[in-house]
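K.L.:
In terms of full-length UniProt numbering, the sequence shown has 119 at position 119, counting the first letter as 1, and numbering is strictly consecutive. Just so you know, even glycine gets a beta-carbon here, dropped at the ideal spot from N, CA and C. This one's a predicted model, so the numbers in the text were calculated from it and none came from an experiment. This structure is in structure tokens; I'll ask about it shortly.
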Amino acid sequence: MIKIYLVDDHPFVLQGLKTFLSTNEEIDIIGEASNGKDALADIKEKNPEIAIVDLHLPDMTGVELTKKILMVNPSVQIIILSSFCEDDEIIAAIDAGALSYLMKDSQPQKLTEAIFAAKKREPILHPRIAKKLMKRVTKKKAVIEPLTSREKDVLLQLSKGKSNKAIGKALFISDKTVKTHISNILRKLDVKDRTQAAIKAIEENLIGR
């Protein structure tokens with residue numbers, strides 16, 4: 001049996017979810033709440049495997065609740081079930097640790113599919129949500145300027161852990177020029193420091209593995 005906890009402030013929605021999910025013999029609804037505070041206390045005590053969470057609750061957002069649930073019980077898999085699909089809310093929910101994001105207009109069996117996928121820690125996204133996430137990733141990649149040949153040379157040396165002085169010596173350029181190249185690299189890769197730049201360079205195969 002998969003232990004499920006429901007969080008929604010609409011009684012009609014809660015009842016509908018219970019009625020539908022109770023028809024599946026492999027699903028056990030162990031609790032429900034209409035607000036974040038009660039849900040958090042109950043989930044901490046009952047330890048469900050999966051929590052199905054509405055995005056808008058009376059006392060906190062589903063994003064806030066997701067963060068708090070995972071702080072007290074990191075093993076709980078969160079499925080967001082919402083009527084809203086604003087870009088910032090979607091990203092915030094995923095960043096907070098939600099595994100799946102479904103819309104309330106999804107087919108009922110899609111929720112069942114998401115529950116069994118969550119059991120295996122596999123995400124399920126509503127098509128509109130998946131499309132928005134893909135657009136965001138594509139847009140983010142599109143704005144990154146390509147590195148020049150010299151910047152790639154500097155990035156390669158940087159990824160080896162060399163200092164600015166050592167990089168300048170290896171490439172026969174001044175320390176000031178090295179600093180300029182590194183500043184441009186950080187901006188183009190949209191990272192904050194040298195370590196993040198080196199990691200991203202390897203992950204995206206910018207300098208070879």
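Which word fits A142, buried or exposed, when buried means at least 16 other C-beta atoms lie within 10 angstroms of its C-beta?
P.N.:
Taking the sequence shown and counting its residues from 1, one reaches residue 142 at position 142. Confidence at A142 is low in this model, with a pLDDT of 47, below 50, so its placement is unreliable and no value can be given for it.
K.L.:
May I ask which residues mark the beginning and end of the alpha helix (DSSP H) holding V63?
P.N.:
The sequence position of residue 63 within the sequence shown is 63, counting from 1. Here the alpha helix (DSSP H) through V63 covers 62-72.
K.L.:
Could you check if P74 is buried or exposed, using at least 16 other CB atoms within 10 Å of its CB as the buried criterion?
P.N.:
The sequence position of residue 74 within the sequence shown is 74, counting from 1. Exposed is the call here.
K.L.:
Which residues does DSSP list as the beta-bridge partners of I52?
P.N.:
Here residue 52 refers to the residue found at position 52 when the sequence shown is read from its first residue. DSSP, once it has assigned bridges, lists L6, I79 as partnering I52.
K.L.:
Would you call the CB atoms of I185 and E151 closer than 7 angstroms?
P.N.:
If you number the sequence shown from 1, residue 185 lands on position 185. If you number the sequence shown from 1, residue 151 lands on position 151. Yes.
K.L.:
With DSSP collapsed to three states, give me the class of E32.
P.N.:
The count along the sequence shown starts at 1 and reaches residue 32 at position 32. Residue state, collapsed to three classes: strand.
K.L.:
Classify V143 as helix, strand or coil using the three-state DSSP reduction.
P.N.:
Mapped onto the sequence shown, residue 143 falls at position 143. Annotation note: pLDDT 46 at V143 (below 50); position unreliable, coordinate value reported separately. Coil.
K.L.:
Please look up how many angstroms separate the CB atoms of L189 and K179, rounded, as I've assumed it's under 8 angstroms.
P.N.:
Taking the sequence shown and counting its residues from 1, one reaches residue 189 at position 189. Taking the sequence shown and counting its residues from 1, one reaches residue 179 at position 179. Rounded, the Cβ-Cβ distance is 16 angstroms, inconsistent with contact.
K.L.:
Along the chain, where does the alpha helix (DSSP H) that runs through L21 open and close?
P.N.:
Translated into positions along the sequence shown, residue 21 becomes position 21. First-last of the alpha helix (DSSP H) with L21: 11-21.
K.L.:
Going by DSSP in three states, I173 sits in which element: helix, strand or coil?
P.N.:
As a first step, residue 173 must be located in the sequence shown, where it is residue number 173. The answer is coil: DSSP assigns I173 none of H, G, I, E or B.
K.L.:
Taking contact to mean 3 or more Cβ pairs, one atom from each stretch, closer than 8 angstroms, check whether the region 33-48 and the region 78-93 are in contact.
P.N.:
Touching, no, given that fewer than three Cβ pairs across the two stretches are closer than 8 angstroms.
K.L.:
So V7 packs on L65, CB below 8 angstroms; how close in whole Å?
P.N.:
Position 7 of the sequence shown, counted from the first residue, corresponds to residue 7. Position 65 of the sequence shown, counted from the first residue, corresponds to residue 65. Rounded, the Cβ-Cβ distance is 7 angstroms, consistent with contact.
K.L.:
Given a cut-off of 7 angstroms on the beta-carbon distance, is the pair I80 and A93 in contact?
P.N.:
Looking up residue 80 in the sequence shown gives position 80. Looking up residue 93 in the sequence shown gives position 93. It is a contact, given that the beta carbons lie within the stated cut-off.
K.L.:
Classify I167 as helix, strand or coil using the three-state DSSP reduction.
P.N.:
To locate residue 167, count along the sequence shown from 1; it is residue 167. Helix, per DSSP.
K.L.:
From V72 to E49, what distance separates their C-alpha atoms?
P.N.:
Numbered from 1 along the sequence shown, position 72 holds the residue referred to as residue 72. Numbered from 1 along the sequence shown, position 49 holds the residue referred to as residue 49. If you take the alpha carbons of V72 and E49, they lie about 13 angstroms apart.
K.L.:
What does DSSP give as the partner residue(s) for M1 in the beta ladder?
P.N.:
As a working mapping, residue 1 is identified with position 1 in the sequence shown. Paired residue(s): none; M1 is not in a bridge.
K.L.:
What does S100 pair with, by DSSP beta-bridge criteria?
P.N.:
Counting from one through the sequence shown, the residue named residue 100 turns up at place 100. Its beta-bridge partners are I79.
K.L.:
Who does residue 213 pair with in a DSSP beta bridge?
P.N.:
This structure cannot speak to residue 213, because the chain is shown only from 1 to 209.
K.L.:
What are the boundary residues of the alpha helix (DSSP H) that includes E113?
P.N.:
Within the sequence shown, residue 113 is the residue found at index 113, counting from 1. 108-119 is the span of the alpha helix (DSSP H), which, as asked, contains E113.
K.L.:
Confirm, please, whether the CB-CB distance from I27 to I52 is below 7 angstroms.
P.N.:
Residue mapping note: residue 52 aligns to position 52 of the sequence shown, counting from 1. Residue mapping note: residue 27 aligns to position 27 of the sequence shown, counting from 1. Taking 7 angstroms as the Cβ cut-off, I52 and I27 do not qualify as a contacting pair.
K.L.:
Around the Cβ of D54, are there at least 16 other Cβ atoms within 10 angstroms (buried) or fewer (exposed)?
P.N.:
The residue you call residue 54 lines up with position 54 of the sequence shown. Answer is buried; the Cβ neighbour count reaches 16.
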